[in-house]
Each structure stands twice: as structure tokens, then as C-alpha cells.
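So, in C-alpha cells, the structure goes:
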């Protein structure tokens, strides 16, 4: 079961960080609604190019 102070990653509670690399972080996690099943959850890092593209999209949609 996830500790009450574990970070929430969307619908998952992170139990521990499994690894990190150039593209993101991977956590062992449980689903909030079903704490018995365990998953690997990857959080991808946002690239500068991706952030620039998203910013441009926001500006053009105004």
C-alpha cells in the first residue's frame, strides 16, 4: 500500500523511484483506486523544443 506522503502521479501513488534517464523518470507505483496492483510509471521530461511548440500553439489559438 502507498504511504500517505507518497507523491501522486495522475491516478497513481509513487512508491519508489526506479530509475532516471535522458527522457524521464520511472517510478514503481500503485493505482489510487486499486492499491494491490503495482505498475511502472514513466514521467517524460519536457524538451525545450516541445515547450516552444506548445507555447506557439497557445499564442496562435488566442
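Numbering (full-length UniProt numbering), first residue to last: 1 to 62. Each residue gets a CB set at the ideal place from its N, CA and C atoms; glycine is no exception.
Taking residue 14 and residue 29 to be in contact with their CB atoms under 8 angstroms, please state how far apart those CB atoms are, rounded to whole angstroms.
Indexing the chain shown from 1 puts residue 14 at position 14. Indexing the chain shown from 1 puts residue 29 at position 29. The pair is a contact, with the Cβ atoms about 5 angstroms apart (cut-off 8 angstroms).
Could you please give me the residues that DSSP links to residue 21 through a beta bridge?
Counting from one through the chain shown, the residue named residue 21 turns up at place 21. Beta-bridge analysis with DSSP links residue 21 to 24.
Taking 7 angstroms as the limit between beta carbons, can you name the residues of its chain near residue 23, skipping five residues before and five after?
Residue mapping note: residue 23 aligns to position 23 of the chain shown, counting from 1. Answer for residue 23: 44, 45, listed in chain order.
Distance check for residue 39 and residue 16, CA to CA, integer angstroms please.
In the chain shown, the residue the question calls residue 16 occupies position 16. In the chain shown, the residue the question calls residue 39 occupies position 39. If I take the Cα positions, the gap works out to 11 angstroms.
For the beta strand (DSSP E) that residue 32 lies in, which residues bound it at each end?
Against the chain shown, residue 32 aligns to sequence position 32. Unbroken run through residue 32: none, as it is neither H nor E.
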